[in-house]
Every structure is written in C-alpha cells, then in structure tokens.
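Here is the structure we will look at, set down as structure tokens.
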Amino acid sequence: MNEPDQLRLLAVHAHPDDESSKGAATMAKYVAEGARVLVATCTGGERGSVLNPAMDRPEVWERLPQIRVEEMARAREILGVEQEFLGFVDSGLPEGDPLPPLPDGCFALVPVEEAAAPLVALIRRFKPQVITTYDERGGYPHPDHIKTHEISVHAFDAAGDPDRYPELGEPWQPSKLYYHMSFTLPRTKALHEAILATGVESPYTEWLANWDPAHDISHRVTTRVPCAEYFPVRDAALIAHATQIDPEGRWFACPPETQQQVWPTEDYELARTLVDVPVPEGDLFTGIRSEVGVR
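Right under this line is the structure:
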C-alpha cells in the first residue's frame, strides 16, 4: 500500500545485473532515506553469456536462467529494493556482419504498445513520482536496452492517460523521467588519470584511445546524485551477479575509495519533467519533495 507522503522511484532495466551497474548507489541512497524503490526487470536474461571465468562451468550453463533469477534475488536484498520481472524473453546480443535475425518471440520483437502494457500496469499500481531508464541508444546498442527505452517513454505518457490501457488500473502520471548517463568521457578520463597517478596500469587506456569525442554524452547530464557512500553497496550487488561480473575485471579496476574521491556522483539526464525544476540538480526528487515527505 502506497502512502501519499512517500517518495517512490521506479527503475526500469533490461536484464538482471543492469540494476546493479547503472544507478545502484542512487537507489541504495534513496532506500536508506526512506523512499520506496522498485526495479522493473524486463527480461530474465535467459540468453546472456557467462562472463565470469570462475563461473564458466557446464552445471552453470545448464541452469543459467534460474541462476540469474537467484542472483537477482541476492542483489535486490543487498540494495534494499523491491523488484519485479515483466516477463519478456531476452533477445540476446546478435553478433556478426550482417547481423543474424533476432530470435522469434524475444523482447525486442514485441510491438511497443504490447510490450509497454506490463510496465503501464506496474506504474499505475506502484505510483512512482520518478522513473529512471536508458536513453534512446539503450546506453549501448543492445536490442533489449533500446526496447526498454522505448517502452519506458511510452509508458511514462500512457500510464497517466485514462483513454489508454483502461483495463490496467486507475491512471497515474509520473512527474519525472531520467536517463542514465553512466559512461561519459569526463568521468572515464577522471578515473583513468586517478589510476595512473597511483602508478598502476589503467584498464581504460585502450577504451579512451578509441573513444570518438563526437559520441560523448556528457553535455546531456543535468543531474548528479551524490551517493559515494553507497558505492560499496553497489559493488556488492554487482558481485552478487556472479555469472555476469568478474570481481577481477574492469568493473573493479578502479578502487572504490578513488571513485568516491574523484567522481562521487551517479549522473542522469532529466528527459521529461512535469514539475518546474532548475538544472543542474542533485536530487531525482527535486520539485517533488516540497509536496511529498518521506514517511
């Protein structure tokens, strides 16, 4: 049951583990402050790979879909969030030139109107003031991430319209929609230089050498949420996705203390707002707290 004076954040993600790699410290911060935070996971990650060499074993591959559900449960507990699967099937990441067709019945092939329906129902039931999701490129061009963006934008408008999806509950109009701006050139450079300053080789060297500045999105950042004290919670949630995250890999190449000092925020673009807010801002609930208090 939602209280009228409670802040509520809905984070829409494509697969289990996405919630822990994008905006996780922000979510943990708001949970600690008393807000309700719900993660909507569009797919089960059924077609994901095993990206952690320590988990690359036959018995893991045999029950990968169930393991990913179990990993999500552990990460959810660590972050303190609520979480629901929307029930779509992972599209996989097609590779090759030309790219192979997407598998029948996968999330990316479901028409937007149909794919958005479970999200509209969830918005009307949970009544979030704020929604976070990916930008129009999906953050990176995975077909499920792009579809997640499309249904999030669609549902943001549709959920408040009594003429759309009338069978899915009483209308509810969220106030703000944000896109994750996690991987910007200035942030990556700052972490790279901080690592080099310690005399250690940076894992970002090749990445930065191949980065086309024209594709940088840092100019789109409107909102930086200070959440450095929750970086360890974020990292613990990421590690809970053991099939996807190598604790020795790039995610953890920069020590958390360095990240806390060099880039203590998680960054977003305010894509839509129905409340007047000045930007830049440092809180996803700016413009909403004045009307809603945390219980």
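Numbering-wise (my numbering), the sequence shown opens with residue 805 and increments by one.
Virtual Cβ for every residue (Gly too), placed ideally from N, Cα, C.
Just so you know, these numbers come straight off a predicted model, no measurement behind them.
Residue environment analysis places D860 among the exposed positions, since fewer than 16 neighbouring C-beta atoms fall within 10 angstroms of its C-beta. Between T952 and H817, the beta carbon gap of about 7 Å places them in contact (Cβ cut-off 8 Å). Under the DSSP assignment, V873 falls in the alpha helix (DSSP H) whose first and last residues are 868-883. When DSSP states are grouped into helix, strand and coil, V816 belongs to the strand group. Around the beta carbon of P820, 16 or more other beta carbons lie within 10 angstroms, which makes this residue buried.
A919 places its beta carbon 8 Å or farther from that of F930. With 16 or more other Cβ atoms inside 10 Å of its own Cβ, A1075 counts as buried. In the structure shown, the three-state DSSP call for I955 is helix. Residue pairing by DSSP places V843 opposite A815, Q887 in a beta bridge. Take the alpha-carbon of D965 and the one of Q977: they are about 8 Å apart. Between the alpha carbons of V914 and L906 lies a gap of roughly 11 Å. The beta carbon of P1007 sits closer than 7 Å to the beta carbons of R1054, A1057 from its chain, once the five residues preceding and following it are set aside; these are given in chain order.
When only Cα atoms are considered, H1023 and Q933 end up about 25 Å apart.
For T1069, the enclosing beta strand (DSSP E) starts and ends at 1069-1077. Rounded to whole angstroms, the gap between the alpha carbons of T845 and A998 is 34 Å. The beta carbons of S979 and T830 sit no closer together than 8 Å. Excluding the 5 residues flanking it on each side, I927 has same chain C-beta neighbours closer than 7 Å at L814, A959, A963, W976, P978, in chain order. Assigned with DSSP and collapsed to three states, Y1008 falls in coil, not helix or strand.
The continuous alpha helix (DSSP H) containing V1066 extends over residues 1060-1066. Looking from the CA of M985, the closest CA among D1071, T847, D1039, E863 belongs to D1071. For H984, the uninterrupted beta strand (DSSP E) segment begins and ends at 980-984. In the DSSP assignment, P1017 falls outside any alpha helix (DSSP H), carrying neither H nor E.
Pairing E940 with I950, the inter-Cα distance amounts to about 6 Å.
In the structure shown, the three-state DSSP call for E1085 is strand.
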